[in-house]
Amino acid sequence: MKLRLVAFGILFGLFSCKSSNDNKDNLSTSSPDGKLNVELNLNASGEPYYTVKSNNKTIIDTSYFGFEFTNAKPIKDNLKVIHVKTDSYSETWEMPWGEQRLVENNYKFIEVDFEETVAPNRKFSVVFKVYNDGIGFRYEFPEQENWVEALIKDEHTQFNLTEDYKTFWIPGDWDIYEHLYSTTKLSEIDARSYIPKTNLAQSYIPENAVNTPVTMVGKDGTHLSFHEAALVDYSGMTLKVDSLNLSLKSNLVGSENTEYKVKRSLPFNTPWRTIQITENAPDLINSNLIVNLNEPNKLGDVSWFKPMKYTGVWWEMHLGKSSWDYGMEMVEGKWTDTGKAHGKHGATTENVKNFIDFSAKNNIGGVLVEGWNTGWERWIGFEDREGVFDFVTTYPDYDLDEVTSYAKEKGVEIIMHHETSAATQTYEKQQDTAYALMQKYGMHAVKSGYVGKIIPKGEYHHGQYMVNQYNNAAIKAAEYEVAVNAHEPIKATGLRRTYPNIISREGLRGQEFNAWSGDGGNPPEHLSIVAFTRMLAGPIDFTPGIFNIKFDEYREDNQVNTTIAQQLALYVVIYGPVQMAADLVEHYEANPEPLQFIKDVGVDWEESIVLNGEIGDFVTIARKERETGNWFIGGITDENARDIEVDFSFLEDNQNYEARIYKDGKDAHWDNNPLDIDIANYDVNVTSKLKIHLAQGGGFAISLHKK
Numbered sequence: 265m266k267l268r269l270v271a272f273g274i275l276f277g278l279f280s281c282k283s284s285n286d287n288k289d290n291l292s293t294s295s296p297d298g299k300l301n302v303e304l305n306l307n308a309s310g311e312p313y314y315t316v317k318s319n320n321k322t323i324i325d326t327s328y329f330g331f332e333f334t335n336a337k338p339i340k341d342n343l344k345v346i347h348v349k350t351d352s353y354s355e356t357w358e359m360p361w362g363e364q365r366l367v368e369n370n371y372k373f374i375e376v377d378f379e380e381t382v383a384p385n386r387k388f389s390v391v392f393k394v395y396n397d398g399i400g401f402r403y404e405f406p407e408q409e410n411w412v413e414a415l416i417k418d419e420h421t422q423f424n425l426t427e428d429y430k431t432f433w434i435p436g437d438w439d440i441y442e443h444l445y446s447t448t449k450l451s452e453i454d455a456r457s458y459i460p461k462t463n464l465a466q467s468y469i470p471e472n473a474v475n476t477p478v479t480m481v482g483k484d485g486t487h488l489s490f491h492e493a494a495l496v497d498y499s500g501m502t503l504k505v506d507s508l509n510l511s512l513k514s515n516l517v518g519s520e521n522t523e524y525k526v527k528r529s530l531p532f533n534t535p536w537r538t539i540q541i542t543e544n545a546p547d548l549i550n551s552n553l554i555v556n557l558n559e560p561n562k563l564g565d566v567s568w569f570k571p572m573k574y575t576g577v578w579w580e581m582h583l584g585k586s587s588w589d590y591g592m593e594m595v596e597g598k599w600t601d602t603g604k605a606h607g608k609h610g611a612t613t614e615n616v617k618n619f620i621d622f623s624a625k626n627n628i629g630g631v632l633v634e635g636w637n638t639g640w641e642r643w644i645g646f647e648d649r650e651g652v653f654d655f656v657t658t659y660p661d662y663d664l665d666e667v668t669s670y671a672k673e674k675g676v677e678i679i680m681h682h683e684t685s686a687a688t689q690t691y692e693k694q695q696d697t698a699y700a701l702m703q704k705y706g707m708h709a710v711k712s713g714y715v716g717k718i719i720p721k722g723e724y725h726h727g728q729y730m731v732n733q734y735n736n737a738a739i740k741a742a743e744y745e746v747a748v749n750a751h752e753p754i755k756a757t758g759l760r761r762t763y764p765n766i767i768s769r770e771g772l773r774g775q776e777f778n779a780w781s782g783d784g785g786n787p788p789e790h791l792s793i794v795a796f797t798r799m800l801a802g803p804i805d806f807t808p809g810i811f812n813i814k815f816d817e818y819r820e821d822n823q824v825n826t827t828i829a830q831q832l833a834l835y836v837v838i839y840g841p842v843q844m845a846a847d848l849v850e851h852y853e854a855n856p857e858p859l860q861f862i863k864d865v866g867v868d869w870e871e872s873i874v875l876n877g878e879i880g881d882f883v884t885i886a887r888k889e890r891e892t893g894n895w896f897i898g899g900i901t902d903e904n905a906r907d908i909e910v911d912f913s914f915l916e917d918n919q920n921y922e923a924r925i926y927k928d929g930k931d932a933h934w935d936n937n938p939l940d941i942d943i944a945n946y947d948v949n950v951t952s953k954l955k956i957h958l959a960q961g962g963g964f965a966i967s968l969h970k971k
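Dropping the structure here:
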């Protein structure tokens, strides 16, 4: 898995053409295939704007951009164009891990430099990169006299649409992404009246705005998705909705501690504002726009991280079988029963070794251990959580030496867990020590958490302060050969290209809501929306693989709202380089036949192909495993049953495959009969086609091996 960036730069090449400078009369460029066109201009007042056309149809109409500051007057008008550059670029680069190995990065761009015509004559540039499947643009502020620091009160980037699109959205919450998606017309979005379907405390929705990615479908089949790329040292962007004018406008996440939302010293660049534009839903997932807009790998060889499946001490605690906390407290240097002892601590040496044994037997590379470290008794309900968690000290019933030694013997890696409780200063102070401990024991992956209101008070999960917290934690982790899977994170924006140790993150309403939410859990349509919204941003740690769908022995009023066949399909449909087999060991051992798919399925892919799909309805994805060349297919549907035809034309010519198919049984139903599953073997080749019936809330999974 060693990177060969230099070699690939030579082998595949990169070239520029049609370069032009100072052509101030031509403020436009197009995509390489000529179907997308971007034009910039100034109105009579010197206000800059842009338009976007697709196949000669206006997608983004006259949309202005500018900035408001707390330490200076706005930049919005009295501008002139002083320089224009157009060019094109093409390369192929290699992912060290990912949905595919080779990525084409092919675009045309235009850079327009502006200067104020009145004092203080400030300068800035806007750069558009236009791909066949969308655009990205950002603002660049060069070093200049009499302007050292920008205190940005807000960024005013408009996206004026020409149609009342069908929109799949979550509210522009400054603190959490864990909301169910709504499906409405653009004009019907009202995030302010949205009642968060979550029992988590951190939720703040100050404007009628949506979080990104937000995806839309037009009457003619045009698909749009708005997001951002390369979010570094800047505030996360929500999109404020003007329902009357069918317009979106950037609305940065702020802080209660400052009047400004972003503080930057010049020179600096903003993140890329992105619009994926495709003619169908599958091409949204196929797009590499977001990762391509990020800088190349800065870490070099990251072969110390291995994509893996993992089990662990997690789901049992959401069910209530065990607990994160030890149940006793340290009093005068001794663990003492203060009336809270419950004997249900999950992260015990014995329990973790049980997971290690199971993983070793079933081709599963890792075991996650939550609740191993001290502090869990005092973190919920306390406003001051600084100093609560210790990221090197274990509870007395968890022997780190014994566990890690046992795991090494079995060929299994322990995945560390750092729940920060959003106490950022405590985590900052302990990061070096905590990562060094991991390095000592040969641990290369950590799941971090940021549950609760951010400390210091007044900051939000998605503001500039926390953007830097997340990014800096990952950069530091790389020094210790540690990869980060962040929960309660800032959104993914493709930084995994630049820092390939940013492997996955949560950033959505996950599987755990099925165990303890009071609103019925995630509805059957949830993941068929997620695949075309949240997943466009980057890898997801969704924790699939629940076999005991009803779990009545633990929570009889809750369940997972899918069939067991869909739980298998999620290992292919919802991408992540770390994929959890989330259920309890005993539930897997009771179902050895469907477990076989989890044992077989890959996690690192040579290529991925979206075979079909419609947002909120269904999706089918095929992925080819690196190293082995085996193919795996997953398909899911919403609350509606449907028949899907799988066309195997993506397979190699003159090659037969054994296909093992796990599909919904004849009487399967996500609620009435979720465990009904049929498993059968077929011979297929490149000419084969197969119709598969998906039950309500159902799915199917296929493993393909060469014969």
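For what it's worth, the numbering used here labels the leading residue of the sequence shown as 265, then goes sequentially.
Think of the CB as a built atom: it goes at the ideal place given N, C-alpha and C, for glycine as much as any other residue.
Values in this document were obtained by computation on a predicted structure and should not be read as measured data.
(1) Whole angstroms are fine: how far does the CA of Asp663 sit from the CA of Tyr705?
(2) Between Pro435 and Lys971, what straight-line distance do the alpha-carbon atoms span, to the nearest angstrom?
(3) Whose C-alpha, out of Ser952, Asn949, Thr951 and Ala944, is nearest the C-alpha of Phe964?
(4) For Ser280, does the count of other Cβ atoms within 10 angstroms reach 16, so buried, or fall short, so exposed?
(5) Is it the case that the Cβ atoms of Tyr429 and Val481 are separated by a distance below 8 Å?
(6) Tell me the rounded alpha-carbon separation between Thr892 and Glu641.
(7) Within the continuous beta strand (DSSP E) that includes Val353, where are the two ends?
(8) Just to confirm my understanding: we take Asp654, look at its own chain, exclude 5 residues before and 5 after, and list those with CB closer than 7 Å. What are they?
(9) Whole angstroms are fine: how far does the CA of Leu300 sit from the CA of Asn320?
(10) How would you call Val270, buried or exposed, if buried means at least 16 neighbouring beta carbons within 10 angstroms?
(11) What would DSSP say about Cys281, mapped onto helix, strand or coil?
(12) What is the DSSP secondary structure of Pro546, reduced to helix, strand or coil?
(13) Under DSSP, the alpha helix (DSSP H) around Leu832 begins and ends at which residues?
(14) Among the residues of its own chain, which have a CB less than 7 Å from the CB of Ile739, if the five just before and after it don't count?
(15) Assess, as a yes-or-no matter, whether the segment 725-743 is touched by the segment 753-760 under the definition of 3 or more beta carbon pairs within less than 8 Å.
(16) Suppose you measure from the CA of Val382 to the CA of Glu413; what does that come to, to the nearest Å?
(17) Could you check what DSSP says for Val376 in three-state terms: helix, strand or coil?
(18) By Cβ distance, which residues of its chain are closer than 7 Å to Glu666, with the 5 residues on each side in sequence left out?
(19) The alpha helix (DSSP H) spanning Gln860 covers which residue range?
(20) How close, in whole Å, do the beta carbons of Tyr403 and Tyr371 come, if the pair is a contact with beta carbons under 8 Å?
(21) Please classify Arg890 as buried or exposed, where buried requires at least 16 neighbouring CB atoms within 10 angstroms.
(22) Locate the alpha helix (DSSP H) running through Glu614, then write down its first and last residues.
(23) Closest to Leu450 by CA distance: which of Glu442, Ile440 and Ala473 is it?
(24) With contact counted as at least three CB pairs below 8 Å, one residue from each stretch, are the segment 782-795 and the segment 815-827 in contact?
(25) Go ahead and pull the three-state DSSP assignment for Ala494.
(26) Would DSSP call Leu291 helix, strand or coil?
(27) Between the segment 718-727 and the segment 565-583, do at least 3 Cβ pairs fall closer than 8 Å?
(28) May I ask you to list the residues that DSSP assigns as paired with Ala923?
(29) Consult DSSP for Glu404 and reduce its assignment to one of helix, strand or coil.
(30) Can you find the residues in the same chain that come closer than 6 Å, C-beta to C-beta, to Lys282, ignoring five residues on each side of it along the sequence?
(31) Taking 8 Å as the cut-off, decide whether the C-beta atoms of Phe388 and Phe373 are in contact.
(32) Buried or exposed: Phe914, going by 16 or more other Cβ atoms within 10 Å of its Cβ?
(33) Taking the alpha helix (DSSP H) that Glu311 falls in, what are its first and last residues?
(34) Tell me whether Lys393 counts as near the ligand COA, meaning its Cβ is closer than 7 Å to at least one heavy atom of that ligand.
(35) Go through its chain and collect everything with a Cβ distance to Ala779's Cβ below 7 Å, but skip five positions before and after it.
(36) Would you decide whether Glu745 is buried or exposed? Buried here means 16 or more other CB atoms lie within 10 Å of its CB.
In terms of the structure at hand:
(1) Counting from 1 along the sequence shown, the entry for residue 705 is found at position 441. Counting from 1 along the sequence shown, the entry for residue 663 is found at position 399. The alpha-carbon atoms of Tyr705 and Asp663 are separated by roughly 13 Å.
(2) Within the sequence shown, the letter at position 171 stands for residue 435. Within the sequence shown, the letter at position 707 stands for residue 971. Taking the straight line joining both Cα atoms gives about 49 Å.
(3) In the sequence shown, residue 964 corresponds to position 700, counting from 1. Taking only the C-alpha atoms, the option nearest Phe964 is Ala944.
(4) Counting from one through the sequence shown, the residue named residue 280 turns up at place 16. Annotation note: pLDDT 41 at Ser280 (below 50); position unreliable, no value reported.
(5) As a first step, residue 429 must be located in the sequence shown, where it is residue number 165. As a first step, residue 481 must be located in the sequence shown, where it is residue number 217. Note that the C-beta distance between Tyr429 and Val481 is below 8 Å.
(6) In the sequence shown, residue 892 corresponds to position 628, counting from 1. In the sequence shown, residue 641 corresponds to position 377, counting from 1. About 46 Å.
(7) Your numbering for residue 353 matches position 89 in the sequence shown. Rather than Val, the amino acid found at residue 353 in this sequence is Tyr. Counting along the chain, the beta strand (DSSP E) containing Tyr353 begins and ends at Leu343 to Glu358.
(8) Position 390 of the sequence shown holds residue 654. The residues are Asn637, Thr638 and Gly639.
(9) Reading the sequence shown from its first residue, position 56 is the one you call residue 320. Reading the sequence shown from its first residue, position 36 is the one you call residue 300. Answer to the nearest angstrom: the Cα atoms are 8 Å apart.
(10) Start at 1 with the first residue of the sequence shown, and residue 270 comes out as number 6. Reliability fails at Val270, whose pLDDT of 34 lies under 50, so the model's placement of it is uncertain and the value that follows must be treated cautiously. Counting Cβ neighbours within 10 Å, Val270 comes out exposed, since fewer than 16 surround it.
(11) In the sequence shown, counting from the first residue as 1, residue 281 sits at position 17. Unreliable positioning characterises Cys281 in this predicted model, as indicated by a pLDDT of 43, which lies under 50. The coordinate reading is nonetheless provided below. Reduced to three states, the DSSP call for Cys281 is coil.
(12) By 1-based counting over the sequence shown, the position of residue 546 is 282. The answer is helix: DSSP assigns Pro546 an H, G or I state.
(13) Position 568 of the sequence shown holds residue 832. Its alpha helix (DSSP H) spans residues Ile828 to Val837.
(14) Within the sequence shown, residue 739 is the residue found at index 475, counting from 1. Answer for Ile739: Tyr763, listed in chain order.
(15) yes
(16) Mapped onto the sequence shown, residue 382 falls at position 118. Mapped onto the sequence shown, residue 413 falls at position 149. Their backbone Cα atoms lie some 19 Å apart in a straight line.
(17) Your numbering for residue 376 matches position 112 in the sequence shown. Strand, per DSSP.
(18) One-based indexing of the sequence shown puts residue 666 at position 402. So the list reads Thr613, once near-sequence residues are dropped.
(19) Residue mapping note: residue 860 aligns to position 596 of the sequence shown, counting from 1. Pro856 to Asp864 is the extent of the alpha helix (DSSP H) around Gln860.
(20) By one-based count along the sequence shown, residue 403 stands at place 139. By one-based count along the sequence shown, residue 371 stands at place 107. The pair is not a contact, with the Cβ atoms about 18 Å apart (cut-off 8 Å).
(21) Against the sequence shown, residue 890 aligns to sequence position 626. Using a 10 angstroms sphere on the CB of Arg890, the tally of other CB atoms reaches 16 or more, which defines it as buried.
(22) Within the sequence shown, the letter at position 350 stands for residue 614. Glu614 -> alpha helix (DSSP H) spans Thr613 to Lys625.
(23) Within the sequence shown, numbered from 1, the residue matching residue 450 stands at position 186. Minimum Cα distance to Leu450 is reached at Ala473.
(24) yes
(25) What you label residue 494 is simply residue 230 of the sequence shown in a count that begins at 1. The answer is coil: DSSP assigns Ala494 none of H, G, I, E or B.
(26) Stepping through the sequence shown from its first residue, residue 291 is reached at position 27. It is coil, neither helix nor strand.
(27) no
(28) Taking the sequence shown and counting its residues from 1, the one referred to as residue 923 is at position 659. Answer by DSSP bridge pairing, in chain order: Tyr946 and Leu968.
(29) One-based indexing of the sequence shown puts residue 404 at position 140. Glu404: strand per DSSP, three-state reduction.
(30) Start at 1 with the first residue of the sequence shown, and residue 282 comes out as number 18. With a pLDDT of only 43 at Lys282, under the threshold of 50, the placement of this residue in the model should not be trusted; the figure read from the coordinates follows. Ser352, listed in sequence order.
(31) Taking the sequence shown and counting its residues from 1, one reaches residue 388 at position 124. Taking the sequence shown and counting its residues from 1, one reaches residue 373 at position 109. Cβ atoms of Phe388 and Phe373: not closer than 8 Å.
(32) Numbered from its first residue, the sequence shown carries residue 914 at position 650. Label assigned to Phe914: exposed.
(33) Stepping through the sequence shown from its first residue, residue 311 is reached at position 47. Note, Glu311: premise wrong, no alpha helix (DSSP H); not H, not E.
(34) Questions concerning the ligand COA fall outside what the structure shown contains, since it holds no ligand whatsoever.
(35) On the sequence shown, residue 779 is found 515 positions in, with the first residue counted as 1. Only His582, Leu583, Arg819 and Asn822 meet the Cβ criterion.
(36) Translated into positions along the sequence shown, residue 745 becomes position 481. Buried, by the Cβ-count rule.
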